[in-house]
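For reference, the structure discussed in these notes is given below.
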Ligand code: BTN
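In the UniProt record's numbering, the protein residues as written are 65 to 312.
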């Protein structure tokens, strides 16, 4: 059963000890007209990742989804993903973790100096709406918080592993306050994102439906797409088209 989380945040929070997927529950709420509501769970039994992947979400994590009804065009929705990734990275940094952002939206911890990393958080954004205006946007970050890293996939890490356990109530509060600041200042999102970016300056390979691109990641556009300097000139990749990005 869901209970109120009682947070002093600009969102009301519905808390579950266990739920299938917070994004699925958030979609139900969005369908009922909810706005500025958060679904938070200690554990998910059917967590979903990007591109139909499964997402491991054992007890001790921060699994949440935020339902919003912003007055924006669908093309601007990626800025919401960047905003929640900035908010997540900042909250993790306050918890003592050297969190950085791997474009478009993974919060990672660098390992060594050659661009390697372990994943701390991923974000699943979903939206519905017309071509000119969105009806709702759900941003769903999952953060490996108070979890033993050896119960997670090999390429993942946790706040426990990096810096010791975090007060999850405080963590969620800081994350939501920061997300609220950024969604009210969408122009400031990309500059804030750049400061935390691990990807910029890296030589990367991006897999996308139109084929792979290899080159140096040099910038992010106003709408959050990645600009890559290739041998044949500049190419831009939108977050939705990115199947995989890795440093090469
Ligand atoms: C990814 O990196 O592929 C995205 C992972 C997103 C996981 C979070 S956990 C909270 C929310 N509910 C879900 O079912 N998925 C997202």
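Glycine included, every Cβ here is placed at the ideal spot set by N, Cα and C.
Treat the numbers as computed from the prediction; the structure is a model and nothing was measured.
Taking residue 132 as the reference, give the member of 147, 80 and 282 with the closest Cα.
Position 68 of the chain shown, counting from 1, holds the residue named residue 132. Considering only alpha carbons, the answer is 147.
Count Cβ pairs between the region 300-311 and the region 162-170 that sit closer than 8 Å; are there 3 or more?
yes
Among 186, 199, 106 and 184, which one has its Cα closest to the Cα of residue 98?
As a working mapping, residue 98 is identified with position 34 in the chain shown. It is 199.
According to DSSP, which residues form a beta bridge with residue 284?
The residue given as residue 284 occupies position 220 in the chain shown. Looking at the DSSP assignment, residue 284 forms a beta bridge with 290.
Is residue 101 near residue 75, with beta carbons less than 8 Å apart?
Here residue 101 refers to the residue found at position 37 when the chain shown is read from its first residue. Here residue 75 refers to the residue found at position 11 when the chain shown is read from its first residue. Yes, the Cβ-Cβ distance between residue 101 and residue 75 is below 8 Å.
Does the structure place the region 251-271 close enough to the region 204-216 that three or more beta carbon pairs sit under 8 Å?
no
Roughly how far, in whole angstroms, is the beta-carbon of residue 153 from the beta-carbon of residue 136, given that I think they are within contact range, below 8 Å?
Translated into the one-based positions of the chain shown, residue 153 becomes position 89. Translated into the one-based positions of the chain shown, residue 136 becomes position 72. So it is not a contact: roughly 22 Å between Cβ atoms.
Do residue 222 and the ligand BTN come close, with the Cβ less than 7 Å from some heavy atom?
By one-based count along the chain shown, residue 222 stands at place 158. For the ligand BTN, not one heavy atom lies less than 7 Å from the Cβ of residue 222.
How about residue 217 and residue 120: are their beta carbons less than 8 Å apart?
One-based indexing of the chain shown puts residue 217 at position 153. One-based indexing of the chain shown puts residue 120 at position 56. In this structure, residue 120 lies closer than 8 Å to residue 217 by Cβ.
Out of 109, 234 and 151, state which residue places its alpha-carbon closest to the alpha-carbon of residue 247.
Against the chain shown, residue 247 aligns to sequence position 183. When each option's Cα is compared against that of residue 247, the closest is 151.
Decide yes or no for the touch test of the region 294-306 against the region 258-265: beta carbon pairs closer than 8 Å, at least 3 of them.
no
For the beta strand (DSSP E) holding residue 167, just list the boundary residues, first then last.
Residue numbering aside, residue 167 sits at position 103 when the chain shown is read from its first letter. Run containing residue 167: none; DSSP gives neither H nor E here.
Any heavy atom of the ligand BTN closer than 7 Å to the CB of residue 288?
Within the chain shown, residue 288 is the residue found at index 224, counting from 1. The answer is no for residue 288.
Where does residue 221 land, buried or exposed, given buried means 16+ other C-beta within 10 angstroms?
Taking the chain shown and counting its residues from 1, one reaches residue 221 at position 157. Classification of residue 221: buried, given that the 10 Å Cβ count is 16 or more.
According to DSSP, is residue 148 part of a helix, a strand, or is it coil?
Counted from its first residue, the chain shown places residue 148 at position 84. Note: residue 148 maps to helix in three-state DSSP.
Quick one: using the 10 Å Cβ neighbour count with 16 as the cut-off for buried, is residue 189 buried or exposed?
One-based indexing of the chain shown puts residue 189 at position 125. It counts as buried.
On the CB-based measure, 16 or more other CB atoms within 10 Å of its CB, does residue 89 come out buried or exposed?
By 1-based counting over the chain shown, the position of residue 89 is 25. With 16 or more Cβ atoms within 10 Å of its Cβ, residue 89 is classed as buried.
Please classify residue 304: does DSSP put it in a helix, a strand, or coil?
Numbered from 1 along the chain shown, position 240 holds the residue referred to as residue 304. The answer is helix: DSSP assigns residue 304 an H, G or I state.
Helix, strand or coil: which one does DSSP assign to residue 257?
In the chain shown, counting from the first residue as 1, residue 257 sits at position 193. Note: residue 257 maps to helix in three-state DSSP.
Tell me the DSSP secondary structure of residue 106 in three-state form.
Locating residue 106 in the chain shown gives position 42, where the first residue counts as 1. Residue 106 falls in the strand class under three-state DSSP.
Can you give me the Cβ contacts of residue 276 inside the same chain, cut-off strictly under 7 Å, excluding the 5 residues immediately before and after it?
Residue mapping note: residue 276 aligns to position 212 of the chain shown, counting from 1. Excluding sequence neighbours, residue 276 sits near 269 and 270.
Would you say residue 211 and residue 122 are within 8 Å of each other, going by their C-beta atoms?
In the chain shown, residue 211 corresponds to position 147, counting from 1. In the chain shown, residue 122 corresponds to position 58, counting from 1. Yes, they are a contact pair.
For a test of the three-state rule: what should DSSP assign to residue 271, helix, strand or coil?
As a first step, residue 271 is located in the chain shown; it is residue number 207 there, counting from the start. Looking at residue 271 - three-state DSSP - the assignment turns out to be strand.
Is residue 242 closer than 8 Å to residue 155 when the C-beta atoms are compared?
Translated into the one-based positions of the chain shown, residue 155 becomes position 91. Translated into the one-based positions of the chain shown, residue 242 becomes position 178. Contact flag set, yes.
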